[in-house]
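Chains as they are written, first to last, in UniProt numbering: chain A, 1 to 406; chain W, 1 to 69. Notes for the one structure printed next.
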Ligand code: SF4
């Protein structure tokens with residue numbers, strides 16, 4: 001993937017409680033103590049950065065906002081330096097508010113049920129093993145760049161019916177939209193245009209040669225009145241499907257492997273008890289939730305007793321909610337057999353991630369196949385682990401040494 | 001004598017996270033959108049009580065009730 005220009009720097013943060021910044025390198029490296037500090041100060045904190053932005057710090061405050069689409073609009077879902085102009089059908093249903101949200105979401109739910117995901121599982125196992133084949137003999141690997149990164153992109157390409165071999169192209173668009181655009185709006189426009197052009201070509205091809213993939217599914221879908229969807233809606237949903245699954249699950253798999261590389265006891269336990277992997281996946285999702293969504297305050301209200309004013313953005317941090325010790329005993333510890341785990345990694349309320357069943361399946365398969373073939377691995381002391389900035393948190397460089405002779 | 005348990009999903013709260021189905025497949029069913037409802041009349045057969053409580057405590061939307069009768 002081409003490494004495009006770095007985003008503009010913000011002044012470093014010196015007062016986290018009143019001037020937080022989720023793009024600050026300190027946050028990117030290790031956000032957990034920062035969230036604890038913010039939570040101790042207030043259930044909702046505010047910064048003047050990003051044209052004014054609140055952040056709920058507790059599980060309850062996050063839950064309150066997620067369940068209140070009347071005061072908190074989803075028309076903007078990423079906190080950026082700018083507020084790009086609103087476009088209709090930007091990425092339905094994630095950018096939709098009631099009442100148009102529900103039909104747009106119901107359209108996407110059937111292809112992502114747990115049963116539908118079961119059918120995809122064999123292809124996922126094959127993808128993971130093809131990737132492992134590519135590096136297992138080397139004795140070392142960047143597990144983010146060569147493993148976790150390609151699993152979700154190939155899965156969604158498979159579902160959409162677009163070439164898995166175009167993965168690098170898709171990954172680059174996502175990087176531009178989710179990371180670079182926080183500080184450079186032109187990257188957003190550029191990527192969106194390229195994606196839309198790509199999908200228009202795919203739609204054209206299917207008009208003469210119909211397929212049974214998700215693109216054809218959306219092309220053939222009808223709205224409540226029995227009419228086909230507007231082209232902008234089809235394109236918006238396709239962009240969403242491609243964007244939403246990639247960085248997020250890439251990050252979740254990467255963070256899980258990072259944890260297992262540093263925690264041999266957990267790794268050995270999962271190898272001895274593979275039946276525990278689904279439970280461990282939930283705990284890893286809680287502890288290292290990758291996704292922070294945003295909302296825009298459209299009507300003044302209060303959250304956990306704190307007043308919030310219209311016009312500000314909200315950094316809706318599901319990861320911070322999942323570290324709230326009031327909700328989770330030993331919230332700062334990874335307890336891979338934690339049984340009670342009401343975590344919010346996939347969001348809460350009507351905007352719950354449509355792809356959560358897919359992501360869970362991908363994580364389980366990615367860990368199972370990896371642990372079967374690479375039971376021993378550790379961080380390579382000669383390399384550096386780096387983390388993504390902003391909306392989605394996960395390792396972007398994850399240098400590992402493989403095998404017993406480490 | 002253990003009491004009889006019943007599970008109930010509040011359809012207005014359920015958002016289809018499918019945790020209940022994963023943890024207690026005997027007690028919950030999903031519709032075509034992946035939203036859950038209790039299987040049959042919701043009565044928890046003996047031996048599955050633990051799964052009922054587990055589903056309740058893992059539902060992110062707090063949509064599941066376990067009723068002791
Ligand atoms: S876990 Fe809760 S939200 Fe998810 S399907 Fe079951 S009842 Fe619905």
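Where is the CB? At the ideal position from N, CA and C, for every residue including glycine. What you are looking at is a predicted structure, and each value in this text was computed from that prediction instead of being measured.
{"Asked": "Chain W contact residues for residue 340(A), given Cβ-Cβ distances below 7 Å", "Found": "57 and 58"}
{"Asked": "Short Cβ contact (9 Å threshold) for residue 34(W) with residue 114(A)", "Found": "yes"}
{"Asked": "Own chain, CB closer than 7 Å to residue 392(A), minus 5 neighbours either side, in chain order", "Found": "178, 247, 248, 251, 290 and 291"}
{"Asked": "Within 7 Å of chain A by C-beta, residues of the stretch 10–21 of chain W in sequence order", "Found": "15, 16, 17, 18 and 21"}
{"Asked": "CB contact check: residue 34(W) to chain A, cutoff 9 Å", "Found": "yes"}
{"Asked": "Residue burial classification, residue 144(A) (beta-carbon count within 10 angstroms, cutoff 16)", "Found": "buried"}
{"Asked": "DSSP state of residue 366(A) mapped onto helix, strand, coil", "Found": "helix"}
{"Asked": "Residue 214(A) versus residue 381(A): straight-line alpha-carbon distance, rounded", "Found": "43 Å"}
{"Asked": "Helix, strand or coil at residue 331(A) [DSSP, three-state]", "Found": "coil"}
{"Asked": "9 Å Cβ cutoff, residue 20(A) in contact with chain W", "Found": "no"}
{"Asked": "Cβ neighbour criterion (16 or more within 10 Å) applied to residue 341(A)", "Found": "buried"}
{"Asked": "Cβ pair residue 282(A), residue 352(A) closer than 9 Å", "Found": "no"}
{"Asked": "Under the three-state DSSP convention, the category residue 144(A) falls into", "Found": "helix"}
{"Asked": "Cβ separation of residue 272(A) and residue 336(A), assumed to be a contact under 8 Å, to the nearest whole Å", "Found": "That pair is no contact at about 12 Å."}
{"Asked": "Residue 61(W) CB to nearest heavy atom of the ligand SF4 below 8 Å", "Found": "yes"}
{"Asked": "Heavy atom of the ligand SF4 within 8 Å of residue 154(A) beta-carbon", "Found": "no"}
{"Asked": "Chain-ordered neighbours of residue 54(W) on chain A, where CB pairs are closer than 7 Å", "Found": "339"}
{"Asked": "Extent of the continuous beta strand (DSSP E) run through residue 74(A)", "Found": "Careful: residue 74(A) lies outside any beta strand (DSSP E) and carries neither H nor E."}
{"Asked": "Three-way DSSP call (helix, strand, coil) for residue 50(A) in this model", "Found": "coil"}
{"Asked": "Sheet register partners of residue 222(A) (DSSP bridge)", "Found": "228(A)"}
{"Asked": "Close beta carbons around residue 164(A), own chain, < 7 Å, minus the five adjacent residues each side", "Found": "154, 157 and 158"}
{"Asked": "Pair within 9 Å by beta-carbon distance, residue 93(A) and residue 107(A)", "Found": "yes"}
{"Asked": "Beta-carbon separation (whole angstroms), residue 91(A) vs residue 295(A), contact threshold 8 Å", "Found": "Rounded, the Cβ-Cβ distance is 15 Å, inconsistent with contact."}
{"Asked": "Spatial distance of residue 262(A) from residue 397(A) (CA atoms)", "Found": "15 Å"}
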